[in-house]
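J.: There's a structure below that I have some questions on.
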Amino acid sequence: MPEDRENDSDCERSDTFIDSEDKNQKLVTLRNIESTEIKEIGLSKRLAKAKSQKHSPKIFSPINSPRTSPKISSPDPVVQSKKQPTTMLPLLSSRATDSVSATSLPDSPRLRIDYSSSSPDSDGEVIDLLSSARKNRSRTRRMSYDNVNNQILENSSLIESDEGSQSYISLPTSEMLTPRSRPPKDFVCPITGQLFNDPVTLETGHTYERKAIQEWVKRGNTTCPITRRPLSANSLPKTNYVLKRLITSWKEQHPELAQEFSYSETPRNSFSPSSLREDLLVSTASRTFYSSSHTRTRNSTDSHLHQRSKRFARAKVSTSPTSVISQDTIETIINGLKPYISSLCTSENLEECEAAVSAVAKLWKDSKVDPAVLSYLSEPTIVNGIVEILSASVSRDALKTSLYVLSELTFSDESVGEILTSVDSDFDCLAALFKNGLAEAVVLIYQLRPAFAQLSAHNFIPSLVQSIQSKIEDLDDFQFAIEPKDAAIAVLEHLLTGGDENSRSVNAFDVICANGIPALVKCLDRVEGRKSIISILLCCMRADKSSRYSIASTIELSPVLELFHSGDDSVRGLCIDFLSELVQLNRRTFSNQILQIIKDEGAFSTMHTFLVYLQMAPMRRQPSLATLLLQLDLLAEPRKMSIYREEAVEALIEALHRKDFSNSQMMALDALVSISARRTSTGGTYMEAWLLKIAGYDRPYNALMKAEKLKKNENDLAEFFLAETTEDEEKAVSSWEKRVAFVLCNHEKGSIFKALEECFKSNSLETAKSCLVISTWLIYMLSVLPDTGVKSAARKSLLDEFINVLQSTRNMEEKILATLALRTFVSDPAALEELGKYAKCIYSTLRKLKRSSPVITDVLKSLMNLSSVNATELWNCTEVVEVESCANGEVLSLLRFKGRVISSHSDGTIKVWDAGKSVLRLIQEVREHTKAVTCLCISSSGDKLYSGSLDKTIRVWAIKPEEIHCIQVHDVKEAVYELTANGKVACFVSQGAGVKVYSWSGVPKHINFNRTVKCLAMTGDTLYCGVSGYSIQEVDLIKFTSTTFYSGTRKLLGKQSIYSLQIQDGLLFAGGSAVDGTAGKVFSHSSKAVTGSFSTGFDIQRIAVNSDFIFTATKSGIIEVWLKERVTRVASIKVGNGWHARITCLTSDMDGAMLYAGTSDGKIQAWSLD
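Quick note: the sequence shown uses this note's numbering, first residue 3, plus one each step.
And the structure:
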């Protein structure tokens, strides 16, 4: 019979050849010319070589295909040639010329023309014909791309929404295999390849069949078969009953596969020819899909192809004489394919080609992936013919069927994929089909394993998201090996994990903008594709932190935990990264809810599972896993010992200690920062800005909050989650911070501080900065936590590091953070004493920072008041300016206010100076008083200036940013020598005893206590008067009564008086005549008790006070400097540089940065105190 068939075939070929010559090449199609062109350029040998590699090159080659199809499926060729087809298929594909070796058409007897004996003229005709063919081919291809996709959409129905549909087709990137292929790999022993019967988990984390690993050890091996790490245990552990129960449950659900892969004492022959063939196919199928930088995606994809290839391998092995599909049946199928293949390769009728590909698909399905049929259909010519249908057809069913056939062939034989990828235009065609609504095209796109750059060039993301959102119509007869939705998820994962960081971020934003997150979250209820979906969602959260809220508010976390339990190390790491990112929400209450769900969900104890994995996890996974485990444990008050908490904190501390691995330290620091309860709407922590705000430097915090308000207005979701902090939320934040800090600080008596000391010494600036923020936060929290004795450990480890930061860094914010930590240390006597050793080297730096951070004042005061610190060594001042105003006479009064200095002079002039940059610059000069302006004072609100003059008037001035101007003039009928005022009253001294109280209207009221008043000071409704006789009178401005506040010792000889009074910070400073070596005292305003004395032999004429020092001016032109806290003299300043002048007025700014003095010769001098 085979010989008869062969003879018949020869006769048919001869007849066909004669017919073709009789028609003078009228039936020579462009495809025939293409074959001739290929032969002429010498590639026929390569084609022959490719054919020789097929299973049955002689019997099953399309070369032997008959010209005419059977009557039942194809019309008579003669009749067909007389008809004009309605739609013509482009017969000469541009694919062939772009890649001749992959697409050359096998020579058919009917088409074989010998050009060796042709004349030159005939050669010219051939060349002309070839040129014409190329032009037609190019035009046809362009028309196909322009028209086919729009026609597809016009002739097809819309894809229905996939609401609640379930699919059980295995996704290639999933680690979970379907029951139809193989058991889950975690259920199979890697040594025997059989289901576990008695599984044991070694210390390396890998599980083996007990008998298999016993045999391994008996042969003298001392390492793990997979990791090659030495095994320290002398005996095997107990049976892993958790895994055994899972396997038993799986066996009950899949009895057939369970029987096939069950463990037996006599293993199958692993070296049989069938097994060898299977291994070869698996090896071939596992070539790289994506780039090497995306191993996770590649491995999961290869895992699926591994299962497919084994299915095909079993099919090939089963082709024995006893097989269900006998050799005769296969030959029958192939013979049935031949006429349809002939139509695909040679027919000019598009409808006939569409019918042929449908028939091919059915016969392929009937063959059950037979190797011989596969070899026959994998010919480049046949593949090219099917691709031409994709380019030309407008029938949705025909396009789906063509994609089905190509998908099946590509899964079975990777050479088909190489044919399709050899020409870029083929991929462009698939891309156009997919983007215009043919969702099945994504399956073939996925199988071709395109490079990231090739995928990115087509902007697939909107179409991929639509494919995931929609329900795909299934073919009635044909089922793709992968659902389009699953293939779309796999391709989308590649787009979000491939390329550079910017590309990944842009693609993730495109997914979010396309509303892909809800559809992806909905797909998590299926086992297939979970890993890829979680990977995509993780990329979205990292690109746009605010997407955490939309994910956290809709996701079911049990599928994530199920994947963690069943996955390998890479899958578990992915799940941990996902959960760690998900709980980083700015609302602590919401974050705790998510943590509680993670803790309670799952068939097994989540915390116990995390703990077990923490003990065997790779180094890079431990910080994030430890942080997540710690947060789960801290959902309850940390009152008792907890193994979870202890192990988690210990893992973080170990990571901080790895000074040789800066990445490990940085990951641990980032993990610690991630526990922070203070987050922005984007999920980023603002711990540093919050600490700076506590230190009094609130500029970064205010800028952050301003940006948050703008985002809140733009984003309703952010507005919901990040509205104004409620009382409950603030309580939750405060409670969480205290729990975390308490656990971290008190672990092993403060061992974390020693670990942070190692991080401070890192060469990485980023590591050192993160360490500074974390350390400052922990030290600050020690001040609000109960004292458990760990401050000593913190001081020993970190005090020197903070001092080093203060001295070395040029960043002001870092200096402020270090100072905030030092402020906590000053409350500890031992730490303060040790800090005193550094007083001299850090004092100047702290003084300069004082303007930026009020907390620095506390540190400075503590240092200056230390008995071990010589305050004189810390003092430093520099004269920066001297201004001449001799033409205006004496300088009688000076005020320093909001960057300005205001001076009054004996000629009635008031001058306003700009004191910025430590230089006095005159900006205004007014002369509205007719006589000397003896005194100036400013209201408590700071918006009014009061001036008293010998011209018997008090003027009220409005203080504006650009100038001062007089708004009221009050004639008090008497010369004003001293003045103090507020919005209610003005108190002044004139000639005679007592003081005058003027309520801004009427006649001033005289309060007489029979003594001459030398100076005034007012606070609230109380006036203090320094009078002759060395006493201080206290006047009640409501009752207009006076009492003696202080009465000093008077001597018989000389006149003792109080010449100057100042009130600040609840203290009353009084200076006057020197009596028994004392020229003044400091009183407590509330108790009237003396808190200090000015021990000097010089009379004090004027006093100025700032936050740190007291300045007293004497008649001899010397200014003495005293510590404010201890009233101890530390230095003196000589005014006049050798010339003698009386100091008439003295003032200093509250920041303590400048000191100003006015003299009787009309000069103003200024000193910088930094």
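Note that beta-carbon positions come from the ideal geometry of N, C-alpha and C, so glycine has one too.
Within 10 Å of its beta-carbon, does residue 890 have 16 or more other beta-carbons around it, so buried, or fewer, so exposed?
T.: It counts as buried.
J.: Assess contact between the segment 982–995 and the segment 940–948, defined as three or more Cβ pairs (one per stretch) separated by less than 8 Å. Is contact present?
T.: The segment 982–995 is in contact with the segment 940–948.
J.: For the alpha helix (DSSP H) containing residue 824, list its first residue and its last residue.
T.: 814–827 is the span of the alpha helix (DSSP H), which, as asked, contains residue 824.
J.: Based on DSSP bridge pairs, tell me the residues matched to residue 1034.
T.: BP columns for residue 1034 point to 1028 and 1048.
J.: Beta carbon of residue 1096, beta carbon of residue 1081: below 9 Å?
T.: A contact, by the Cβ cut-off of 9 Å.
J.: So for residue 530, helix, strand or coil by DSSP?
T.: Here residue 530 sits in coil by DSSP.
J.: To the nearest angstrom, report how far apart residue 309 and residue 222 are at their CA atoms.
T.: Reliability fails at residue 309, whose pLDDT of 41 lies under 50, so the model's placement of it is uncertain and the value that follows must be treated cautiously. Answer to the nearest angstrom: the Cα atoms are 33 Å apart.
J.: Note down, in chain order, each residue of its chain lying with its Cβ closer than 7 Å to the Cβ of residue 680, except the 5 sequence neighbours on either side.
T.: Correct list, in chain order: 687, 688, 689, 692 and 735.
J.: Output needed for residue 126: all residues of its chain with C-beta closer than 8 Å, excluding positions within five of it in sequence on either side, in chain order.
T.: Note that residue 126 has pLDDT 39, beneath the 50 cutoff, so the model's placement of it is unreliable and the number below is only indicative. Closer than 8 Å at the Cβ level, and outside the excluded window around residue 126, lies no residue.
J.: Rounded to a whole number of angstroms, what is the C-alpha to C-alpha distance between residue 1136 and residue 1120?
T.: Those two C-alpha atoms are separated by around 5 Å.
J.: For a quick check, are the C-beta atoms of residue 598 and residue 685 less than 9 Å apart?
T.: Contact: no.
J.: Say whether the segment 766–781 touches the segment 663–680, bearing in mind that this needs 3 or more beta-carbon pairs closer than 8 Å, one atom from each stretch.
T.: With a cut-off of 8 Å, the segment 663–680 and the segment 766–781 count as touching, because enough Cβ pairs lie within range.
J.: Report the residue ranges of all beta strand (DSSP E) runs contained in full by the segment 172–255; include only those spanning at least 3 residues, in chain order.
T.: Those beta strand (DSSP E) runs which fall completely within the segment 172–255 and span 3+ residues are 201–203 and 209–211.
J.: Have a look at the DSSP bridge pairing and note the partners of residue 1169.
T.: Answer is 881 and 1157.
J.: Between residue 1149 and residue 897, how many whole angstroms is the CB-CB distance? I'm expecting something under 8 Å.
T.: With 8 Å as the limit, residue 1149 and residue 897 qualify as a contact, their Cβ atoms being about 6 Å apart.
J.: In the DSSP output, which residue or residues are listed as bridge partners for residue 948?
T.: DSSP, once it has assigned bridges, lists 939 and 958 as partnering residue 948.
J.: How many angstroms separate the CA atom of residue 1161 from the CA atom of residue 911?
T.: In a straight line, the C-alpha of residue 1161 is about 15 Å away from that of residue 911.
J.: Run through DSSP, which three-state label would residue 374 get?
T.: Note: residue 374 maps to helix in three-state DSSP.
J.: Tell me which residues share the same chain as residue 1010 and place their Cβ nearer than 8 Å to its Cβ, disregarding the 5 neighbours each side in the sequence.
T.: These residues qualify, in order along the chain: 995 and 996.
J.: Taking the alpha-carbon positions, what's the residue 786 to residue 740 distance?
T.: About 8 Å.
J.: State the beta-bridge partners of residue 1073 as determined by DSSP.
T.: For residue 1073, which the question treats as bridged, DSSP gives the partners 1062 and 1082.
J.: With C-beta atoms as the reference, is residue 491 less than 9 Å away from residue 535?
T.: Yes, the pair counts as a contact, with Cβ atoms nearer than the cut-off.
J.: For residue 515, does the count of other Cβ atoms within 10 angstroms reach 16, so buried, or fall short, so exposed?
T.: Counting Cβ neighbours within 10 Å, residue 515 comes out exposed, since fewer than 16 surround it.
J.: Please say whether residue 192 and residue 249 have beta carbons closer to each other than 9 Å?
T.: It is not a contact, given that the beta carbons lie outside the stated cut-off.
J.: Can you list, in chain order, the stretches of the alpha helix (DSSP H) that have 4 or more residues and sit fully within the segment 855–899?
T.: You should have 857–866 and 873–876.
J.: Less than 8 Å between the CB atoms is what I'm expecting for residue 730 and residue 591, so what's the real figure, rounded?
T.: About 7 Å separates the two Cβ atoms, so the contact holds.
J.: So within the segment 572–647, which uninterrupted alpha helix (DSSP H) runs reach at least 4 residues, ignoring any that extend past its ends?
T.: Counting only runs of 4 or more, we get 590–602, 608–618 and 624–635.
J.: Give me the residue from 528, 220 and 728 with the minimum Cα distance to residue 589.
T.: That would be 728, whose Cα lies nearest to the Cα of residue 589.
J.: Check residue 1109 in the structure and name its three-state DSSP category.
T.: In the structure shown, residue 1109 sits in coil (DSSP, three-state: anything other than H, G, I, E or B).
J.: Taking all protein chains shown into account, decide if residue 1051 is buried (16 or more other Cβ within 10 angstroms of its Cβ) or exposed.
T.: By the neighbour-count rule (16 or more Cβ atoms within 10 Å), residue 1051 is not buried but exposed.
J.: Check whether chain D comes within 9 Å of residue 781, counting only Cβ atoms and requiring the distance to be less than that.
T.: The displayed structure is made up of one protein chain only, and chain D is not part of it.
J.: Count the CB pairs spanning the segment 337–349 and the segment 358–373 that are closer than 8 Å, and state whether there are at least three.
T.: Segments in contact, yes.
J.: Nearest to residue 925 by alpha carbon, out of 385, 189 and 916?
T.: Nearest of 385, 189 and 916 to residue 925, Cα basis: 916.
J.: Go through its chain and collect everything with a Cβ distance to residue 1042's Cβ below 8 Å, but skip five positions before and after it.
T.: Result list for residue 1042: 999, 1007 and 1009, in chain order.
J.: Tell me, please, which residues DSSP counts as bridged to residue 970.
T.: 958.
J.: Any idea what DSSP makes of residue 916, helix, strand or coil?
T.: Looking at residue 916 - three-state DSSP - the assignment turns out to be strand.
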